[in-house]
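Comments concern the structure below.
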Amino acid sequence: MKDPRTFISSQTVITAAPLVPEIALHLATEITPIWQATEAHLAALNIEPPFWAFAWPGSQLLARFVLDQPERVREKSVLDFACGGGLAGIACAQAGARAVRVNDIDPLALEAACLNAALNKMSVLPVTSDLVGIVPEGIDLLLCGDVCYNQQMADRIIPWLRRCARTMDVWMADPGRPYAPEDAIEILVSATLPTTMELEGKTERETRLCRILPSPG
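Counting from -8, one number per residue, gives the positions in the sequence shown under our numbering.
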């Protein structure tokens, strides 16, 4: 793909997530080509499924919490892990974070996150590597949302998040997945959020934001 930003702009519309009207995003909707494209069509174009083109429940709850309680992130160095379109990280930047890094293994997601940040006159720093297993230095707060979508991913990510929690705050938002942790967490907020049948098979999901408590040692 020669020009990923042109691709993102052409495949999305500028709108806002229902819970976070303050932040404009390039999102897929029922009228955009990427929403209508099949997975086989995307694979033929060598494009990963466009998770970055949707405002998932976890990222919406994270962003809403940050904007409602900006003192929790003000002057902090933040890492938005598995950032997708960067909604949570952009909210942190708006709330006065000292620095915001956005990380995703999909290069197109990082392009979308930076494009969305610029759309809101904010600045984020993209981090391209797979960070799982590495405790990042210089981070005060690590955010992630909607990452426990299957058992394999949860088994890989949760122990790493608990290690990270020894040296930084770790917040995870999850829309009721069965693979999300139920113990050694502190619930910060929960809410019932609207979703779509196409993405979630439901019209709403009970979504919670929790602080991951550190593993011993």
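Using N, Cα and C, we set each Cβ at its ideal position, and we do this for glycine too. Quick caveat: nothing in here was measured; it's all calculated off a predicted structure.
Notebook entry, point to check: What span of residues does the alpha helix (DSSP H) with L99 cover, start to end?
Noted result: P98 to L110
Item checked: Per-residue burial, H32 [other beta carbons within 10 Å of its own, 16 or more giving buried] -> exposed
Notebook entry, point to check: So, do the segment 119 to 131 and the segment 175 to 188 have three or more beta carbon pairs nearer to each other than 8 Å?
Noted result: no
Next item on the list: Give the range of the beta strand (DSSP E) segment to which I211 is assigned.
Entry: No statement about residue 211 is possible, as the shown extent of the chain runs from -8 to 208 and does not include it.
Next item on the list: Would you check if the segment 68 to 85 and the segment 19 to 31 touch, i.e. whether three or more CB-CB distances between them fall below 8 Å?
Entry: no
Next item on the list: Figure out for me which residue from C139, A100 and A109 has the closest Cα to the Cα of S120.
Entry: A100
Notebook entry, point to check: With burial defined as no fewer than 16 other Cβ atoms inside 10 Å of the residue's Cβ, what is the status of Q143: buried or exposed?
Noted result: exposed
Next item on the list: Give the secondary structure of F72 by DSSP, where H, G and I count as helix, E and B as strand, and everything else as coil.
Entry: strand
Next item on the list: Please state whether DSSP places P117 in a helix, a strand or coil.
Entry: strand
Margin query: Tell me the residue span of the beta strand (DSSP E) that contains T183.
Written below: I176 to P185
Notebook entry, point to check: Nearest to S206 by CA position, among A175, R199 and G192, is which residue?
Noted result: A175
Next item on the list: Apply the 10 Å Cβ neighbour rule to E102 and answer buried if 16 or more other Cβ atoms are within range, or exposed otherwise.
Entry: buried
Notebook entry, point to check: My guess is that A265 and K67 are in contact by the Cβ rule of under 8 Å, so how many angstroms apart are they, rounded?
Noted result: No answer is possible for residue 265: it lies beyond the span of the chain, which begins at -8 and ends at 208.
Checklist line | C-alpha gap between R122 and R92, whole angstroms | finding: At residue 122 the sequence reads Leu, which differs from the Arg that was named. Each residue's alpha carbon lies about 12 Å from the other.
Checklist line | Nearest candidate by alpha-carbon position, reference P24, set R63, F56, A44 and N141 | finding: A44
Margin query: To the nearest angstrom, how far is the alpha carbon of E199 from that of S0?
Written below: In the sequence as presented, Glu is not what sits at residue 199; that position holds Arg. The alpha-carbon atoms of R199 and S0 are separated by roughly 31 Å.
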